[in-house]
Each structure stands twice: as structure tokens, then as C-alpha cells.
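To start, the structure itself, in C-alpha cells.
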Amino acid sequence: MAKQEFEVTVHSAAPPGAVYQLLRDGSTWPVWSPLERFELEKPGSPEPESVGAIRNFHTGRYKVREQVAELVPDRRFSYTLLSGLALKDYRADVDLTPSGEGTDIRWHTSFRPKVPGMGWIYRRALHKLTTDVATGLASYAAGK
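Here it is, written out as C-alpha cells:
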């Protein structure tokens, strides 16, 4: 099945370090995003939300399991989807670039649908959700 990709770019008045800390701390996501609840299923090492950590996010009746895949302090936060959506090879890279006195946040997502013909539907829905998440992150980070 065809690989699907999209990206969302937003700007925050906050510095990259402040944005990065919010991405790293899953407990903050329900505060600034449409996600309703967070739980850390499995800690990473050396810190609980390091590479390898499994993070669960709940929204309504949906639960997605994600694993922290890559961390570059103040520059990149990446994760993969383990379960919860009919997708495979899902990866999101959130790149933070200093811009003026703030940060450009680029959220690049790629995946393959498990069900043929469903890629465009997931791409459309996930693009909207990612836009809401990135916009909430940018706004919340700037207000802290």
C-alpha cells in the first residue's frame, strides 16, 4: 500500500527548549491538545520518557500506543505508533527550529494504511488532528 505523508508547520513565540519540554512530558499533552488522557505504560531509560518509552493517549473510546523513537534535545522529538489505528509504519518527527525569538514547529508524519483505499481518509483526519495538536502546543508554550 502507498505510503502517506503530510506535514504541519506552525510558529510559537516560545524558545525551542520550552516547546521540547512540553513534547517530552506526555502528562502535559491533554492540557494543550485535544487528547483527553495520558498514561506512561513503560518507562524508557535513563529517564521515564526517554527513547523506548511507551506512551498511551486516550480520546473518547480511542487509545493509541506510541513509542518514543528519537530525541535530540531542543531540536527533535520523534515517535512511532504501536497500536490503536489501522496503520502501519507510522512515524512522526517533530522538528524545532529557532526562528526570531521563537520556534518553528514542523510536524512530519508518514504511514501506510492497513486497509487498501483508506490512506487518504487517515491522512485527512490525521492532518486536522496534527494541526490542532501543533497549534495548541505553539500557543501553550508561548503562554508559559
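Quick note, the working numbering runs 206 ahead of the 1-based positions in the sequence shown.
Backbone N, C-alpha and C fix where the C-beta goes; we use that ideal spot for every residue, glycine too.
Predicted model, so just to flag it, every value in this text is computed and none were measured.
Alpha-carbon spacing of residue i relative to residue j, whole angstroms
i	j	result
Glu-276	Arg-330	25 Å
Leu-241	Tyr-346	14 Å
Ser-218	Ile-311	7 Å
Trp-238	Gly-323	32 Å
Thr-336	Ser-305	21 Å
Tyr-268	Gly-290	7 Å
Ile-327	Ala-220	33 Å
Asp-231	Ser-284	13 Å
Assumed close pair residue i, residue j - CB separation to whole angstroms, cut-off 8 Å
i	j	result
Lys-320	Leu-293	6 Å
Glu-247	Arg-271	7 Å
Thr-315	Thr-309	Not confirmed; about 19 Å, so no contact.
Arg-318	Gln-210	7 Å
Where residue i falls, given that 16 or more other Cβ within 10 Å makes a residue buried
i	result
Gly-349	exposed
Pro-279	exposed
Gly-258	exposed
Gly-266	exposed
Query raised in the report: How do the stretch 214-227 and the stretch 248-255 stand: do at least 3 beta-carbon pairs fall below 8 Å, yes or no?
Result: no
Query - Length at least 4, wholly inside the stretch 207-287: the alpha helix (DSSP H) runs in chain order - result: 222-230, 235-238
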